[in-house]
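Chains as they are written, first to last, in our numbering: chain V, 9 to 121; chain C, 22 to 136. Presented below is the structure to which this report refers.
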């Protein structure tokens, strides 16, 4: 009964480094999302996917890339990490698009120094 | 420009009393609203939702009220319990159109229920 699993839980990156945040769901949901939450702020959508092979930008996509080769996995790639990308990242999935209940992972706390 | 506003960063309530969390929105295209609850070091969990065709939705101790003319919704928790202490996020979506995949979140209200 895993739901949405994110790895790693914590990571410290140096400026200019790259990394991939992993996200997997076992609920056979077509819709998957990546959000970031900055301190004292609400969640902002980075990218979303409506199914394997289909992705699109959200509100704050700059500096990130995604891919969706399978229904289960939706990795988020950070290229050339910058301090502005210090945040908590949440992956989510849902059975229906945006307006339905989304299931969230536990989050990845990323610090760029 | 914030389209979903939760103007109270925090709220303290005595156990057993009613908690009322408020949310305002500016985008008239929003037609679906959700509340999420978040504990520290965990992801948000869905609590309750309401469609714009309704003005009230109830689930156990949780009731959400929607006032479309005022672009305002509120979450009532009765009675409040210490386990309700968490950050509550209001979120909004447009069911159709370009924004239908996107949830717009407020900044959250931290509820503390005092035993």
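No residue lacks a Cβ here, since even glycine has one placed at the ideal position from N, Cα and C. Bear in mind that the values here come from a model prediction, so they are computed numbers and not experimental data.
What residue range does the beta strand (DSSP E) around residue i cover?
i	result
residue 79(C)	77 to 80
residue 82(V)	Where residue 82(V) is concerned, there is no enclosing beta strand (DSSP E), given that its DSSP letter is neither H nor E.
residue 30(V)	27 to 33
residue 59(V)	51 to 59
residue 64(V)	62 to 65
residue 118(V)	116 to 120
residue 38(V)	Premise fails: residue 38(V) is in no beta strand (DSSP E) and is neither H nor E.
residue 132(C)	130 to 135
residue 101(V)	95 to 102
residue 20(V)	18 to 21
residue 14(V)	12 to 15
residue 110(V)	110 to 112
residue 73(V)	72 to 74
residue 34(C)	31 to 35
Which whole-angstrom value is the C-beta distance of residue i and residue j, which I expect to be below 8 Å?
i	j	result
residue 69(C)	residue 87(C)	At roughly 11 Å, the Cβ-Cβ gap does not stay under 8 Å, so residue 69(C) and residue 87(C) are not in contact.
residue 116(V)	residue 19(V)	7 Å
residue 127(C)	residue 25(C)	4 Å
residue 62(V)	residue 76(V)	7 Å
residue 82(V)	residue 43(V)	Not quite, the Cβ-Cβ distance comes to about 12 Å (not below 8 Å), so this is no contact.
residue 71(V)	residue 93(V)	6 Å
residue 103(C)	residue 136(C)	5 Å
residue 73(C)	residue 57(C)	So it is not a contact: roughly 18 Å between Cβ atoms.
Enumerate in chain order the residues of its own chain whose CB-to-CB distance from residue i is below 7 Å, with the five nearest sequence positions on each side excluded.
i	result
residue 24(V)	88, 89
residue 123(C)	114
residue 47(C)	24, 92
residue 80(C)	69
Who are the Cβ neighbours of residue i in its own chain at under 8 Å, not counting the five residues just before and after it?
i	result
residue 59(C)	65, 66, 107, 108, 109, 110, 129
residue 77(C)	71, 84, 85, 86, 87
residue 58(V)	38, 39, 64, 105
residue 111(V)	11, 12, 33, 35, 37, 100, 101, 102
residue 100(C)	36, 37, 38, 39, 82
residue 28(C)	43, 45
residue 22(V)	89, 120, 121
Note down, in chain order, each residue of its chain lying with its Cβ closer than 6 Å to the Cβ of residue i, except the 5 sequence neighbours on either side.
i	result
residue 91(V)	120
residue 108(V)	102
residue 96(V)	45, 115, 117
residue 51(V)	43, 45
residue 96(C)	42, 56, 85
residue 67(V)	52, 53
>> Threshold first: 4 residues or longer. Then list the alpha helix (DSSP H) segments lying entirely within the region 44 to 114 of chain C, N to C.
In response: none
> Just by C-beta distance, which residues in the region 53 to 85 of chain V are closer than 8 Å to chain C?
Replying inline: 53, 56, 58, 64, 66, 67
> Can you list, in chain order, the residues of the region 60 to 88 of chain C whose Cβ is nearer than 9 Å to any Cβ on chain V?
Replying inline: 62, 63, 64, 65, 66, 67, 70, 72
>> Please identify, using Cβ separations under 9 Å, the residues of the region 24 to 43 of chain C that lie next to chain V, in order along the chain.
In response: 25, 27, 30
>> Can you pull out the residues from the region 41 to 53 of chain V whose beta carbon lies closer than 7 Å to at least one beta carbon of chain C?
In response: 48, 49, 50, 51, 53
> Which of the residues in the region 10 to 30 of chain V, read from start to end, lie with their CB under 7 Å from any CB of chain C?
Replying inline: none
> Along the region 89 to 121 of chain V, what residues have a CB closer than 9 Å to any CB found in chain C?
Replying inline: 98, 99, 100, 105, 106, 107, 108, 109, 110, 111, 112, 113, 114, 115, 117
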